[in-house]
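Numbering (our numbering), first residue to last: 419 to 802. Input: a single structure, listed below in structure tokens.
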Amino acid sequence: MAGVPTFGCYNIADLRRLAKRRLPLGVWEYVERGVEDELGLARNRAGFEAVTFAPKVLRNVEKIDPSTTLLGCPSSFPLAVAPTGAAGLLWFEGDLALAKAAARAGVPFTICSASTMDIDQIAAAGGRLWFQLYMWADRSLSSAVVARSHELSCEALLVTLDLPVPPNREYLYRNGFGTPFRLNPKNFTDIALHPRWLLGVMGRYALTGGIPSQANLPDRLRNKVTQAAHPGALFKQDNLDWDEIGRLRDSWKGKLVLKGILRPDDAERAAKIGTDGIVVSNHGGRGFDGSIASIDALPSIVAAVGSKLEVLLDSGVRRGSDVVKAVALGAKGVLAGRAALYGLAAGGEDGVHRALELLKAETVRAMGMLGARDISEVDASLLA
Ligand SMILES: Cc1cc2nc3c(=O)[nH]c(=O)nc-3n(C[C@H](O)[C@H](O)[C@H](O)COP(=O)(O)O)c2cc1C
């Protein structure tokens, strides 16, 4: 699209390299890494790489339309921006930059429970908004933010289920980037070596109100990332069960989506309680290292519930052809986590726009190569 800087980046891997240069190691590894031995992370990419196509030829692909609907509303191509809690550490007011870029690109954006801007500030970006829910120990905090997301016309509530206990992110301790954040010689040097980030991100926060905090909490509970959380204001999902999700289903009037499903029987249970959609996800390899790759889990889940609810997928999407692979295997669309974050760290709103523009252009190109003129023609018949 005219007027959008390229940043000298012609694919998501280019944006990734730029992001890596710009971020302190501690922040970079928080975005990039998986958990433990990072086998899940590797499986996500290997899963996509193993899917191949048998293109159809002579199909007159002069006009290609990648638009679709996601959860019942139009989207310019089958992708939404995933919830990513740390956006505000990558760019000043990073959540807003992500939301604005998604609105410009005509795709939905998912606001995070853990964001460092509150839901009202992010909703100002316009566009299609979904809200991702983690349960706080004090469930009344969750109810309040869910009610606010409804008032702000968030169309869907995505409840993340795949972190019942905290994930094992050893590198955070190694880098001294735990919560609460404590300055030590190692992370001090890391930050000092990235003055552009220090001034452009942290410096701007310092000038406009201080260190970021968990913004979706009421003022009295909002601690800065350098302070321990108040009791009750920590996420607590180990006691979450199907009954609680069922009650949420009864009370939430919008679309309800369960994120982090990897088994057909869980997907069937989700359908049974009236869930509108699921995200087949292993949390981008950031939750449990032993989990199956989402793209490998997708076919059996689609076979079980594809006709009953909308199946979305995330974890490992880095190319438009990955979007097309997921759709060919039965997903309605994908969520992009790190791909959007690389764009954010590389260039704020314009960087995210570049990431989305690249993914969309690659999606269109892949459809052309396959002889698919619109999304309804992207199906299993294209798979090798
Ligand atoms: C830095 C970062 C923060 C994330 N924070 C959240 C979060 O707060 N809630 C959530 O449900 N998922 C979160 N995720 C997971 C994403 O929503 C998504 O499942 C994952 O990034 C998809 O994999 P991908 O990064 O390979 O696209 C986060 C992912 C990253 C990379």
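Built from N, CA and C at the ideal position, the CB exists for glycine as well. Predicted model, so just to flag it, every value in this text is computed and none were measured.
Leaving out five residues before and five after residue i in sequence, what residues of the same chain have Cβ atoms less than 8 Å from its Cβ?
i	result
PRO582	GLN655, ASP656, LEU658
LYS671	HIS568
PRO636	LEU559, ALA562
HIS612	ARG440, LEU441, PRO442
Do you know whose CA, among the options, lies nearest residue i's CA?
i	options	result
ALA543	SER571, ALA562, LEU559, VAL564	SER571
ALA815	THR487, PHE495, TYR448, LEU489	The first residue shown for the chain is 419 and the last is 802, placing residue 815 beyond what the model contains.
PRO442	ASN602, ALA610, THR528, LEU639	ALA610
ASN883	TYR591, TRP548, LEU680	A query on residue 883 cannot be resolved here, the shown segment of the chain reaching from 419 to 802 and no further.
ASP661	ILE691, ARG638, GLY452, ALA541	ILE691
TYR365	ASP455, ASP768, ALA565	Absent from the structure is residue 365, since the part of the chain shown begins at 419 and ends at 802.
LEU489	TYR760, ALA757, VAL782, LYS750	LYS750
LEU507	ALA685, GLY664, ARG622, ARG566	ARG622
GLY499	ASN586, LEU788, ALA515	Reading the sequence as shown, one finds Val at residue 499 and not Gly. Checked all of ASN586, LEU788, ALA515; the closest Cα to VAL499 is ALA515.
ALA798	LYS642, LEU747, ALA541	LEU747
GLY755	PRO682, GLY503, ALA802	GLY503
SER567	ALA541, PRO584, ARG667	ALA541
GLY765	TRP615, LEU576, ALA521	TRP615
THR597	PRO584, VAL675, TYR428	PRO584
LEU666	GLY769, PRO423, ARG557, TYR591	ARG557
GLU780	GLY426, PRO423, ILE430, VAL422	ILE430
VAL782	TYR428, ASP483, GLY421, ALA464	ASP483
ARG522	LEU716, VAL752, VAL422	VAL422
LEU579	ARG439, ASN700, ALA711	ASN700
ALA437	GLY769, ILE529, ASP792	GLY769
ALA464	THR487, ASP683, ARG736	ARG736
ARG587	ARG772, LEU676, VAL445, ILE793	VAL445
LYS428	ILE793, ALA520, PRO526, HIS771	Just to set this straight, residue 428 is Tyr in the shown sequence, not Lys. For TYR428, the nearest C-alpha among the options comes from HIS771.
ASP683	GLU450, VAL698, GLY786, ILE529	VAL698
ILE793	PRO492, ARG440, THR424, ILE663	PRO492
CYS525	ASP513, THR487, ARG791	Looking at the sequence itself, residue 525 is Val, so the reference to Cys does not match. It is THR487 whose Cα lies nearest to the Cα of VAL525.
Quick check on residue i: does DSSP put it in helix, strand or coil?
i	result
THR487	strand
GLU511	coil
MET419	Here MET419 scores only 48 on pLDDT, less than 50, and its place in the model should not be relied on; the value that follows carries that caveat. Three-state DSSP puts MET419 in coil, outside helix and strand.
ILE691	coil
LYS604	helix
GLY672	coil
LEU801	strand
ALA633	coil
GLY708	coil
PHE471	strand
PRO682	helix
ILE482	coil
LYS677	strand
ALA646	coil
LEU497	strand
PHE466	helix
VAL698	strand
Among residues of its own chain, excluding the 5 on either side of residue i, which ones have a beta-carbon nearer than 7 Å to its beta-carbon?
i	result
ALA689	VAL723, LYS726, LEU727
PHE466	ILE713, GLY734, ASP740, LYS743
GLY618	PHE510
ALA685	ILE679, ILE696, ILE719, ALA722, VAL723
MET419	Any answer about MET419 is weak, because its pLDDT of 48 lies below 50 and its placement is not dependable; what the coordinates show is given next. Once the five neighbours on either side are set aside, the close Cβ partners of MET419 are GLU775.
ASP536	ALA633, ASN634
LEU639	HIS648, ALA651
ALA532	GLY503, TYR552, GLN632
Please work out which residues of its chain come closer than 6 Å, Cβ to Cβ, to residue i, disregarding the five sequence neighbours upstream and downstream, and give them in chain order.
i	result
ALA784	GLY738, SER739, VAL742
GLY806	No statement about residue 806 is possible, as the shown extent of the chain runs from 419 to 802 and does not include it.
ASN602	GLY594
SER485	SER494
ARG434	TYR760
LYS604	GLY594
ALA646	PRO598
PRO717	LEU747
VAL745	PRO496, VAL796
ALA520	VAL499, PHE527, GLY545
MET787	PRO473
ALA763	ALA437, ARG440, LEU441, LEU508
Indicate whether at least one CB of chain B lies closer than 8 Å to the CB of residue i.
i	result
THR693	In summary, chain B is missing from the structure at hand, where a single protein chain is found.
Can residue i be considered in contact with ligand 3, in the sense that its beta carbon sits closer than 7 Å to one or more heavy atoms?
i	result
LEU617	Ligand 3 is absent from the structure shown, which contains only ligand 1.
Three-pair Cβ contact test at 8 Å for the region 626-635 versus the region 470-481: The region 626-635, when compared against the region 470-481, does not touch it at the 8 Å Cβ threshold.
Meets three-Cβ-pair contact criterion under 8 Å: the region 640-655 and the region 544-557: Three or more beta-carbon pairs drawn from the region 640-655 and the region 544-557 are found closer than 8 Å, and the two stretches are therefore classed as touching.
Contained alpha helix (DSSP H) runs [length at least 4] in the region 714-796, N- to C-terminal order: You should have 738-746, 756-788.
Whole alpha helix (DSSP H) elements within the region 509-556, 4-residue minimum: Here the runs fully enclosed are 512-523, 537-541.
Whole runs of the alpha helix (DSSP H) within the region 557-616, excluding any shorter than 4 residues: For the region 557-616, whole alpha helix (DSSP H) runs of length 4 or above, ordered along the chain, are 557-569, 588-592, 603-610.
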